[in-house]
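Residue numbers (the numbering used here): 23 to 353.
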């Protein structure tokens, strides 16, 4: 009759904490029917669920499992590190901040992608009419244009990071949510899903259409038109990428609170290392881009480093995650 004793202890500890079956179910990420079956001894929670119950009740698993232990065997303070609990107010503030920061980051990305446009355009004009500007003036003017766009973009990234930094733990730590948080987030997610889908379609369409100017430039030998085609491509990519960023950040903010997708509890186990790899990779890519562009002066084509780098990054992350998964399976 171990299951009956476990069932009785679940009821006892739940009531002691002042939780309803619905509240315990939400904390355990199961249905209310599952909790009801545990408490009526119609089913037994698996070992992971029992461990989670012991953490919530702040008791040992021995106390829950063994029928001879009738007195509560509490875990000493410090023996168990309690998971953070996100309140409803914190969740709402986080979603509001992410909605605002999505616009700041999208604007920063937009400016970064547009930053080489000035240099490419002036370089194309210079090739069309060498008397338009001195060679040095073209480089200086193009570089100043880049600075005028990149510096505000960097400021936007830093400002956005500082505003959302109190919630960085949502990316990497496993946490609990207060009653009502999951329901609120799922309601927002449901309301936003239509716009999310529409923005994905629009962004993808813009990306595909951005190739058109470059394709048309193959039918002319005029260097100015070729340069102009690259500028139009970058402008369209900037708009589409900004939409992707706004859409992605808002959607991911909801996934973070629900601990789903890339922010599920299992994925979080490998997040810290992936973050370090990402930081190293993108810093190296920036160094390669700037080094190559300044050394060769080939700014009109060096932008290709970014899409190629993005593909390589995706491959690296996929390979690392595959190797880690296989390593865990062998343990």
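Cβ coordinates follow ideal geometry from the N, Cα and C atoms, glycine included.
Between residue i and residue j, what straight-line distance do the alpha-carbon atoms span, to the nearest angstrom?
i, j, result
"residue 147", "residue 246", "6 Å"
"residue 309", "residue 72", "50 Å"
"residue 341", "residue 334", "11 Å"
"residue 168", "residue 185", "26 Å"
"residue 242", "residue 143", "17 Å"
"residue 273", "residue 116", "12 Å"
"residue 80", "residue 187", "30 Å"
"residue 250", "residue 181", "33 Å"
"residue 106", "residue 270", "25 Å"
"residue 355", "residue 190", "Residue 355 lies beyond the range of the chain shown here (23 to 353); nothing can be said about it."
"residue 64", "residue 210", "35 Å"
"residue 55", "residue 68", "15 Å"
"residue 41", "residue 61", "13 Å"
"residue 114", "residue 248", "48 Å"
"residue 260", "residue 118", "24 Å"
"residue 176", "residue 228", "25 Å"
"residue 83", "residue 206", "32 Å"
"residue 197", "residue 78", "12 Å"
"residue 219", "residue 264", "15 Å"
"residue 216", "residue 208", "14 Å"
"residue 212", "residue 194", "25 Å"
"residue 86", "residue 266", "48 Å"
"residue 303", "residue 30", "53 Å"
"residue 317", "residue 232", "28 Å"
"residue 244", "residue 311", "26 Å"
"residue 222", "residue 66", "43 Å"
"residue 122", "residue 214", "15 Å"
"residue 202", "residue 282", "17 Å"
Tell me whether residue i, by its Cβ, gets closer than 7 Å to a heavy atom of the ligand GDP.
i, result
"residue 120", "Absent from the structure shown: the ligand GDP. Ligands present: none."
Using DSSP with H/G/I as helix, E/B as strand and the rest coil, what is residue i?
i, result
"residue 143", "helix"
"residue 118", "helix"
"residue 195", "coil"
"residue 108", "strand"
"residue 81", "strand"
"residue 310", "helix"
"residue 261", "helix"
"residue 11", "Lying outside 23 to 353, the shown extent of the chain, residue 11 is not represented and no answer is given."
"residue 45", "helix"
"residue 256", "helix"
"residue 63", "coil"
"residue 284", "helix"
"residue 205", "helix"
"residue 295", "Its pLDDT being 47, under 50, residue 295 is placed unreliably in this model, and the value from its coordinates should be taken loosely. Correct three-state label for residue 295: helix."
"residue 242", "coil"
"residue 331", "helix"
"residue 190", "coil"
"residue 40", "coil"
"residue 35", "helix"
"residue 30", "helix"
"residue 70", "helix"
"residue 184", "helix"
"residue 131", "helix"
"residue 200", "coil"
"residue 320", "coil"
"residue 338", "helix"
"residue 223", "helix"
Go ahead and label residue i buried or exposed: buried means 16 or more other beta carbons lie within 10 angstroms of its beta carbon, across all protein chains shown.
i, result
"residue 337", "exposed"
"residue 39", "exposed"
"residue 70", "exposed"
"residue 173", "exposed"
"residue 258", "buried"
"residue 240", "exposed"
"residue 199", "buried"
"residue 313", "exposed"
"residue 145", "buried"
"residue 252", "buried"
Determine whether the beta carbon atoms of residue i and residue j lie at a separation below 8 Å.
i, j, result
"residue 133", "residue 166", "no"
"residue 136", "residue 256", "yes"
"residue 286", "residue 225", "no"
"residue 124", "residue 32", "no"
"residue 28", "residue 36", "no"
"residue 277", "residue 204", "no"
"residue 327", "residue 307", "yes"
"residue 59", "residue 275", "no"
"residue 127", "residue 192", "no"
"residue 140", "residue 164", "yes"
"residue 57", "residue 43", "yes"
Does the count of Cβ pairs from the stretch 74-87 and the stretch 41-56 closer than 8 Å reach three? yes
State whether the stretch 108-126 contacts the stretch 217-237, with contact taken as three or more CB pairs (one from each stretch) at a distance under 8 Å. no
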